[in-house]
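Here's the structure, in structure tokens; my notes come after.
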DNA sequence: CATCGCTATCTTGCAAAGCAAAGTATAGTC
DNA sequence: GACTATACTTTGCTTTGCAAGATAGCGATG
């Protein structure tokens with residue numbers, strides 16, 4: 017699986033993380049694996065953890081610390097109402113961008 | 017037509033401009049209109065012109081200056097081989113990102 | 001002729017976001 | 001004890017979108 021260039025991920029990643037957390041409480045390390053499984057590539061810790069902290073400051077997510085049987089404590093995140101609202105703002109913009117690009121790709125295909 | 021947040025555009029815009037220029041020689045001002053028609057929203061001049069200059073420095077595009085009947089000279093851009101190669105690198109990454117996001121949206125839809 | 005509005009490009013400086021790198025710490029394996 | 005996997009944090013760099021302002025040619029209105 018090729019790596020998605022960082023510049024392409026900009027902005028999209030926050031939306032993606034919010035949507036994954038919206039599926040059910042998770043923690044940073046697991047999010048990294050989930051992103052890889054979904055096809056986002058190997059997103060580095062240095063990207064994910066600062067983003068989670070920022071989203072927590074913005075009240076989009078909340079954290080609860082729980083011990084783990086296989087290592088240090090985990091910070092489990094869940095969505096807040098603000099986080100849900102962020103997803104509701106993000107998705108239409110994302111879809112608009114995808115639609116615009118699809119028009120361009122369609123043109124390309126007709127040549 | 018809503019405005020696409022700047023963070024979402026990051027990286028995508030360069031690919032989009034290259035693809036539009038690939039359809040046929042154009043200039044900055046016209047690119048702005050084309051982007052709007054495609055659904056990218058009103059991308060400001062302060063975004064487009066610096067990007068075009070950067071792509072020119074990177075040899076992805078080349079410019080020819082022509083006078084206009086309705087205003088100042090226009091700089092018409094066309095793709096170079098490097099530019100074509102950039103598109104060939106960009107498109108798979110873009111499609112991978114779209115596919116990954118589609119998986120997430122699909123999950124959401126099943127809830 | 002002066003002003004306005006449309007066309008057309010360039011430059012400066014700031015903000016946001018991805019990420020490499022380094023640090024800290026726990027649990028299990030060799 | 002060393003190493004590996006797990007798990008989170010912080011610092012500083014780089015890229016990119018963009019607001020704001022400058023420059024300039026053209027046509028129409030007054």
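Protein chains in written order, with this note's numbering: chain A, 17 to 127; chain B, 17 to 127.
Note that the Cβ used here is the ideal one computed from N, Cα and C, for glycine as well.
### Task
Assign residue 116 of chain B to one of two classes, buried (16 or more other C-beta atoms within 10 Å of its C-beta) or exposed (fewer than that).
The residue is buried, with at least 16 neighbouring Cβ atoms inside 10 Å.
### residue 58 of chain A: contacting residues in chain B (beta-carbon distance under 8 Å)
Neighbours of residue 58 of chain A on chain B: none; closest Cβ ~13 Å, over 8 Å.
### Distance between beta carbons of residue 120 of chain B and residue 32 of chain A, contact taken as under 8 Å
So it is a contact: roughly 6 Å between Cβ atoms.
### Task
Could you work out which residue in B:59, B:96 and B:40 is closest to residue 72 of chain B when comparing CA atoms only?
Of the listed residues, the one whose Cα sits closest to residue 72 of chain B is B:96.
### Task
Please decide whether residue 55 of chain A counts as near chain B, where near means a Cβ-Cβ distance under 8 Å.
Yes, because at least one Cβ of chain B sits closer than 8 Å to the Cβ of residue 55 of chain A.
### Query
Taking 8 Å as the CB-CB limit, is residue 119 of chain B close to chain A?
Yes, its Cβ sits closer than 8 Å to a Cβ of chain A.
### Local Cβ density within 10 Å of residue 76 of chain B, reported as buried at 16 or more and exposed below that
Flag for residue 76 of chain B reads buried.
### Message
Beta-carbon within less than 7 Å of residue 36 of chain B's beta-carbon, same chain only, minus the 5 sequence neighbours each way: which residues are those?
### Response
Residues of the same chain with a CB within less than 7 Å of the CB of residue 36 of chain B, apart from the 5 flanking positions on each side, are 42, 47 and 50 in chain order.
### Task
In the DSSP assignment, find the unbroken alpha helix (DSSP H) run with residue 61 of chain B in it and report its ends.
Unbroken alpha helix (DSSP H) run through residue 61 of chain B: 61-73.
### Message
So with CB distances below 9 Å, who are the chain B contacts of residue 114 of chain A?
### Response
Within 9 Å Cβ-Cβ: 114, 117 and 118.
### Message
Looking at chain A, is there any beta carbon in it that lies within less than 8 Å of the beta carbon of residue 102 of chain B?
### Response
No, residue 102 of chain B lies away from the interface with chain A (no Cβ there is under 8 Å from its Cβ).
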